[in-house]
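Here's the structure, in structure tokens; my notes come after.
Numbering (this note's numbering), first residue to last: 1368 to 1854.
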């Protein structure tokens, strides 16, 4: 088990270094950390996340020791159990779960409408586990005494199935993949939900504002006016709901009456609904003086009559971006939040009304939390929106990872998803994960398209992460089952 855990840990280091390398740049360029400190903080995150593949490998090794190589068929279940743990432990960081590898393989990705992304992870892991099982059941004669460098394979448990049965798991796995692919293809081809519900034209404003000048007071008027001009363009192309990205106003909406009135006037003149991101302050009184008590990353909705329809406060904050977890221990990372202060998470999944239809907003990395987006839909959301500022990421893999993870939420919930990103990728995704429109990164853009308010629901929307929690329960059960006796 120790050797398995070590190999799992190394695998995790490779996996997360390759997918999260961009965090170092974010912290060094925008967090005012020295490069070596940024590397240290990112390394700490990578090492923590690598514990989950290590636990997975150790558990699988234990199961193989108990049940023989047939236990490899349980590896997908164990993998999903550890992904669930990664989603929730220490506030969670469910970035790039295995199932997202299929986000653009739409026939396979449709499985998420039943099982969520965790079920897709399980299917991918099953294919690999089946290949591993075939290899494990038929080692070369010279390998039976163990692998090079010490240790033991120990996979040929007593009473193993004969040679003729070795391909049965492969046949079952192939049949399952084909079944999902055929069903998924037919589901996408039918596209029934693209003809349901009330239609609305949505406009997405991608301002492409460099993070280095975003809060420069000398640029505020220009940045704001460019967003207004692009909004007028979107409305001129028929949009009645226009989205701006996360923290898109170069001022605090509730603290700047002049800028706020300009937005309200724009909505009234165009008879359009505006959804945009802006930080919010909750004030308190100390010694008869008004002082800021809490900061929130928020989204506001302005009605066509210019009034504020509602506010949503971001519930899942970005670690090392909007707050520093374990702040006393990681004191050297404090500069990351010194400039903006540590944000406070919102408490409720508030919905915002658009033309009489409830709409949800996921701010930035909230969209990678399947259960949170499901909360919105259970509360009645008929359209998923997400606003983000991916300028932090630069020209790395992160904007593409983020967009594809967001796309999976549309499949899971059976909803259209619209996404406004400051520097891209902005886009519109239908309930089957098809990208109807999208922008390039680091280009100013206005995107307009039709979406529909939907009230139907998927199995996943109704029942949630049943597969993931069953996997956790089965994993625990397998670990406490007594070791089989050798006859």
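Don't be surprised by glycine CBs; every beta carbon is placed ideally from N, CA and C.
This structure is a prediction, so every number in the text was calculated from the model and none was measured.
(request) Can you have a look at residue 1585 and say buried or exposed, based on whether 16 or more other CB atoms are within 10 angstroms of its CB? (result) Taking the chain shown and counting its residues from 1, one reaches residue 1585 at position 218. Exposed.
(request) Rounded to whole angstroms, what's the CA-CA distance from residue 1623 to residue 1662? Just pull it up for me. (result) Counting from 1 along the chain shown, the entry for residue 1623 is found at position 256. Counting from 1 along the chain shown, the entry for residue 1662 is found at position 295. A straight-line Cα-Cα distance of about 16 Å links residue 1623 and residue 1662.
(request) Note down, in chain order, each residue of its chain lying with its Cβ closer than 7 Å to the Cβ of residue 1515, except the 5 sequence neighbours on either side. (result) Taking the first residue of the chain shown as 1, we reach residue 1515 at position 148. Annotation note: pLDDT 48 at residue 1515 (below 50); position unreliable, no value reported.
(message) For residue 1321, tell me which candidate among 1655, 1557, 1462, 1840 has the shortest Cα-Cα distance.
(response) Because the chain is modelled from 1368 through 1854, residue 1321 falls outside the range shown and cannot be assessed.
(message) Could you compute how far the alpha carbon of residue 1724 sits from the alpha carbon of residue 1484?
(response) Position 357 of the chain shown, counting from 1, holds the residue named residue 1724. Position 117 of the chain shown, counting from 1, holds the residue named residue 1484. When rounded, the distance between both Cα atoms is 27 Å.
(message) Measuring straight from C-alpha to C-alpha, what distance separates residue 1588 and residue 1838?
(response) The sequence position of residue 1588 within the chain shown is 221, counting from 1. The sequence position of residue 1838 within the chain shown is 471, counting from 1. Each residue's alpha carbon lies about 53 Å from the other.
(request) Check the DSSP bridge columns for residue 1446 and list the partner residues they point to. (result) As a position in the chain shown, residue 1446 is number 79, starting the count at 1. In the DSSP output, where bridge partners are listed per residue, residue 1446 has none listed.
(message) The alpha helix (DSSP H) that contains residue 1836, what's its start and end?
(response) Within the chain shown, numbered from 1, the residue matching residue 1836 stands at position 469. Run containing residue 1836: 1833 to 1847, per the alpha helix (DSSP H) assignment.
(message) To the nearest angstrom, how far is the alpha carbon of residue 1747 from that of residue 1625?
(response) Start at 1 with the first residue of the chain shown, and residue 1747 comes out as number 380. Start at 1 with the first residue of the chain shown, and residue 1625 comes out as number 258. Here the C-alpha atom of residue 1747 lies approximately 34 Å from the C-alpha atom of residue 1625.
(request) With a threshold of 16 other CB atoms inside 10 Å of the CB of residue 1334, please say whether the residue is buried or exposed. (result) Nothing about residue 1334 can be reported from this structure: the residues present for the chain run from 1368 to 1854 only.
(message) Please classify residue 1840 as buried or exposed, where buried requires at least 16 other C-beta atoms within 10 Å of its C-beta.
(response) Looking up residue 1840 in the chain shown gives position 473. Exposed, because fewer than 16 other Cβ atoms sit within 10 Å of the Cβ of residue 1840.
(message) Let's test the definition: count the other Cβ atoms within 10 Å of the Cβ of residue 1369 and tell me whether it reaches 16, buried, or not, exposed.
(response) Sequence index remark: in the chain shown, residue 1369 carries index 2 (1-based). Note on residue 1369: under 16 other CB atoms within 10 angstroms of its CB, so exposed under the neighbour-count rule.
(request) Please report the Cβ distance between residue 1827 and residue 1480, rounded to the nearest whole angstrom; I am assuming they are in contact, meaning their Cβ atoms lie under 8 Å. (result) Sequence index remark: in the chain shown, residue 1827 carries index 460 (1-based). Sequence index remark: in the chain shown, residue 1480 carries index 113 (1-based). Right, their Cβ atoms sit about 6 Å apart.
(message) Here's the rule I'm using: 16 or more other beta-carbon atoms within 10 Å means buried, otherwise exposed. How should residue 1856 be labelled?
(response) This structure leaves residue 1856 out entirely; the chain is present only between 1368 and 1854.
(message) Given this structure, state the Cα-to-Cα distance separating residue 1455 from residue 1738, to the nearest angstrom.
(response) Position 88 of the chain shown, counted from the start, is the residue given in the question as residue 1455. Position 371 of the chain shown, counted from the start, is the residue given in the question as residue 1738. CA-to-CA, the gap between residue 1455 and residue 1738 works out to about 10 Å.
(message) Tell me the DSSP secondary structure of residue 1430 in three-state form.
(response) Here residue 1430 corresponds to residue number 63 of the chain shown, with the count starting at 1. DSSP places residue 1430 in the helix class (H, G or I) of the three-state scheme.
(request) Go ahead and label residue 1453 buried or exposed: buried means 16 or more other beta carbons lie within 10 angstroms of its beta carbon, across all protein chains shown. (result) Counted from its first residue, the chain shown places residue 1453 at position 86. With 16 or more Cβ atoms within 10 Å of its Cβ, residue 1453 is classed as buried.
(request) Confirm, please, whether the CB-CB distance from residue 1733 to residue 1682 is below 8 Å. (result) Residue mapping note: residue 1682 aligns to position 315 of the chain shown, counting from 1. Residue mapping note: residue 1733 aligns to position 366 of the chain shown, counting from 1. Contact flag set, yes.
(message) Whether or not the region 1488 to 1501 and the region 1785 to 1803 are in contact is what I'm after, with contact meaning three or more pairs of Cβ atoms, one per stretch, closer than 8 Å; do they touch?
(response) Contact fails between the region 1785 to 1803 and the region 1488 to 1501, because fewer than three Cβ pairs, one in each stretch, are under 8 Å apart.
(message) Tell me which residues share the same chain as residue 1429 and place their Cβ nearer than 6 Å to its Cβ, disregarding the 5 neighbours each side in the sequence.
(response) The count along the chain shown starts at 1 and reaches residue 1429 at position 62. 1368, listed in sequence order.
(message) Would residue 1813 and residue 1597 be called neighbours here (beta carbons separated by less than 8 Å)?
(response) Sequence index remark: in the chain shown, residue 1813 carries index 446 (1-based). Sequence index remark: in the chain shown, residue 1597 carries index 230 (1-based). Using a Cβ distance threshold of 8 Å, residue 1813 and residue 1597 count as a contacting pair.
(message) Would the region 1607 to 1618 count as touching the region 1632 to 1647 if we require 3 or more Cβ pairs under 8 Å?
(response) Taking a cut-off of 8 Å on C-beta distances, the region 1607 to 1618 touches the region 1632 to 1647, as three or more cross pairs fall below it.
(request) Report the rounded CA-to-CA distance for residue 1386 versus residue 1768, giving the unit in angstroms. (result) Your numbering for residue 1386 matches position 19 in the chain shown. Your numbering for residue 1768 matches position 401 in the chain shown. C-alpha separation (whole angstroms): 9 Å.
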